[in-house]
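Under numbering that gives the first Met the number 0, the first residue of the sequence shown is numbered 0, with each subsequent residue one higher.
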Amino acid sequence: MKVGVNGAGRIGRLFIKAALGQLNRVKEDLNRNKILDVVHINEVNGKVFDVVHLLKYDSTQGPITYNVSLLGDGSISFGGKHMSFSQFSKPGEIPWGKYGVDLVIECSGNNLTPEALEGHLQQGAKKVLVSAPIKSKKILNLVYGVNHTKYDRRHHNIVTASSCTTNCIAPAIMVLQEKFGIQRGQITTIHNPTNTNLVVDAIHKDPRRARSALMNLIPTTTGSARIIGSIFPELAGKLDGHAVRVPTLNSSLTDCVFSLKTKVSVDEVNNELLQYSKGSLKGILGVESAPLVSSDFLGDSRSCIVDLPSTLVTDNRLLKLYLWYDNEAGYACRLADLAFHMMKKVRRK
């Protein structure tokens, strides 16, 4: 199957790199050698030269080893792999069939309704994977390593990979729910700015987001915890959270507090997380006992890394966890993993 990308922003470009083996995955990552056939990029906000330049140079993740160049016919050469390019503004305008695309990775951040996404299918794509949460019961929320096996090629033409923060917390929640049971919980994601934040103060519909991301800690919203209810139905309405945007370039931290159904100790919780990191969640959930800081997780391909020294238990049932994640690279790798999983399922029809 051939893959097309709509939206060559941060996640779109990093997905391309992950799909072509140019993001450094941890050695435990079972999918680190799987390569996808990306054949087309659609980006309405920039010309092909801009995309080539930003694929080649990255202030956050650093340079790549592949040669990236613009060819005479207006296509992109990425390590010898050719990708055509277009600048259509709406999914229903992009002729995916012409480009031979079977699976579209929707990374524009603009087409977040089932109706808009149907345009990809109408133009010849067979499946769509969205790199953002969608508030619709019609669209299946998938987190690779947690519930990706629920994907059914016969019924799911459009699915979402949720958000980077949901991908961070879901593996840890899965362990806690299976081993101890969760009564309720709250999370705060301490998150670096994205391109929706402002460099200097300017008018914005959210007065806090109107302020400079370079100078402030900015409280804002996140739906990452609430989305957990669509992945673990028994936890629907029992989890919520906030976000704080902080002036660091990359790598984020989620502060999680859970009330558990059973009595636990710090050692019991950390040991279970350790065992899962070596077993069914290998390469997705990690643990770290060293006293590290956010920059140490730059480029880490895992969805979630538990900061073991920070685990706290109060009165046997109130649990606090710190979960690190590279909200760009980790999420891009999970997108690539989900895409590969979907393609395997379609091939078996």
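Built from N, CA and C at the ideal position, the CB exists for glycine as well.
Spatial distance of residue i from residue j (CA atoms)
i	j	result
Lys204	Ser135	24 Å
Leu69	Met82	10 Å
Leu322	Asp72	46 Å
Cys163	Lys262	30 Å
Gln182	Val67	50 Å
Thr219	Arg208	8 Å
Lys55	Met342	27 Å
Asp36	Thr159	20 Å
Gly278	Glu327	24 Å
Ala335	Gln60	17 Å
Val4	Lys344	20 Å
Ile138	Pro113	7 Å
Tyr330	Thr64	21 Å
Pro94	Ser107	16 Å
Val47	Lys1	20 Å
Asn249	Ser294	7 Å
Gly45	Glu92	17 Å
Asn269	Val142	22 Å
His190	Gln122	36 Å
Asp151	Asp200	46 Å
Ala124	Asn23	29 Å
Rounded distance between the beta-carbons of residue j and residue i, thought under 8 Å
i	j	result
Ser229	Asn140	5 Å
Ala169	Ile217	The pair is not a contact, with the Cβ atoms about 25 Å apart (cut-off 8 Å).
Leu307	Val286	6 Å
Asn30	Phe339	7 Å
Asn166	Leu120	At roughly 25 Å, the Cβ-Cβ gap does not stay under 8 Å, so Asn166 and Leu120 are not in contact.
Phe231	Ile104	Not quite, the Cβ-Cβ distance comes to about 25 Å (not below 8 Å), so this is no contact.
Phe179	Lys260	6 Å
Pro132	Leu116	Contact doesn't hold; Cβ gap of about 13 Å is too wide.
Val43	Ile75	Contact flag wrong, Cβ pair sits at about 16 Å.
Arg12	Asn194	At roughly 12 Å, the Cβ-Cβ gap does not stay under 8 Å, so Arg12 and Asn194 are not in contact.
Tyr275	Ser302	Not confirmed; about 12 Å, so no contact.
Ile283	Gly96	Actually they are not in contact, since the Cβ atoms of Ile283 and Gly96 sit about 34 Å apart, beyond 8 Å.
Leu320	Thr310	6 Å
Span of the alpha helix (DSSP H) around residue i
i	result
Leu70	Looking at the DSSP string, Leu70 is not in any alpha helix (DSSP H), and its letter there is neither H nor E.
Arg225	223-230
Ile40	Element bounds for Ile40: not the alpha helix (DSSP H) but the beta strand (DSSP E), 36-41.
Leu318	Element bounds for Leu318: not the alpha helix (DSSP H) but the beta strand (DSSP E), 317-324.
His52	47-55
Glu114	113-121
Glu233	Looking at the DSSP string, Glu233 is not in any alpha helix (DSSP H), and its letter there is neither H nor E.
Lys26	Lys26 -> no alpha helix (DSSP H), and no H or E assigned at all.
Gln274	265-277
Gly96	95-98
Residue interval of the beta strand (DSSP E) (run including residue i)
i	result
Met82	80-85
Ser258	251-259
Leu238	238-244
Glu287	284-287
Val305	303-306
Paired residues, beta bridge with residue i - DSSP
i	result
Val345	For Val345, which the question treats as bridged, DSSP gives no partner whatsoever.
Leu128	Ile104, Val158
Asn5	Asn41, Glu105
Ile186	Gly240, Cys255
Val145	Answer by DSSP bridge pairing: none, since Val145 is not bridged.
Val219	Checking the displayed sequence, the identity of residue 219 turns out to be Thr instead of Val. According to DSSP, Thr219 bridges with Ala242.
Thr313	Leu317
Glu177	Answer by DSSP bridge pairing: none, since Glu177 is not bridged.
Asn140	Thr159
Ser211	Leu197
Ser300	Per DSSP, none; premise fails for Ser300.
Phe77	Val67, Lys80
Cβ-heavy atom distance, residue i to the ligand ADP, below 8 Å
i	result
Ile189	Ligands are entirely absent from the displayed structure, and the ligand ADP is therefore not among its contents.
- Three or more beta-carbon pairs under 8 Å between the segment 180-188 and the segment 241-250, yes or no? Enough Cβ pairs lie closer than 8 Å, so yes.
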